[in-house]
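Visitor: In case it helps, our numbering puts the sequence shown at residues 1 to 80.
C-beta atoms are modelled at their ideal positions from N, C-alpha and C, and glycine is treated no differently.
Quick caveat: nothing in here was measured; it's all calculated off a predicted structure.
The structure's right below; bear with me while I get my questions together.
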Amino acid sequence: MKSPLTNLHRELLDLFSMELTDAELKNVKRHLARYFAEKATSDFDQWVEKHDIDADQIRKWAHDHDRAASHRSGHERSAG
1 MKSPLTNLHR
11 ELLDLFSMEL
21 TDAELKNVKR
31 HLARYFAEKA
41 TSDFDQWVEK
51 HDIDADQIRK
61 WAHDHDRAAS
71 HRSGHERSAG
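This is the structure we're talking about:
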């Protein structure tokens, strides 16, 4: 039977079993956030390259997302 914990879960449990100061814990969280943000960016960049997507298309998606979010909240943003 497969363990419900991944290797990352186990490693983090080992790490967080140590008593850290608030500053140390904040630093660990910052490093984890940076790692996963960089990984997400890298994965997205690879996906964009694989699917031959250009910056204009990404900007269009961002604009469409902003418009949809504004519409859902009942507020239209001005274009520009």
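Ends of the alpha helix (DSSP H) at lysine 2?
Guide: Run containing lysine 2: none; DSSP gives neither H nor E here.
Visitor: For serine 73, I'd like the list of residues in its chain whose CB is within less than 7 Å of its CB, leaving aside the five on either flank, ordered along the chain.
Guide: none
Visitor: Whole angstroms is fine: what's the gap from glutamate 19's alpha carbon to phenylalanine 36's?
Guide: 24 Å
Visitor: Using the three-state DSSP reduction, which class does aspartate 52 fall into: helix, strand or coil?
Guide: coil
Visitor: How many Å lie between glutamate 24 and arginine 34 at the Cα?
Guide: 15 Å
Visitor: For glutamate 38 and histidine 71, I'd like the C-alpha separation in whole angstroms.
Guide: 31 Å
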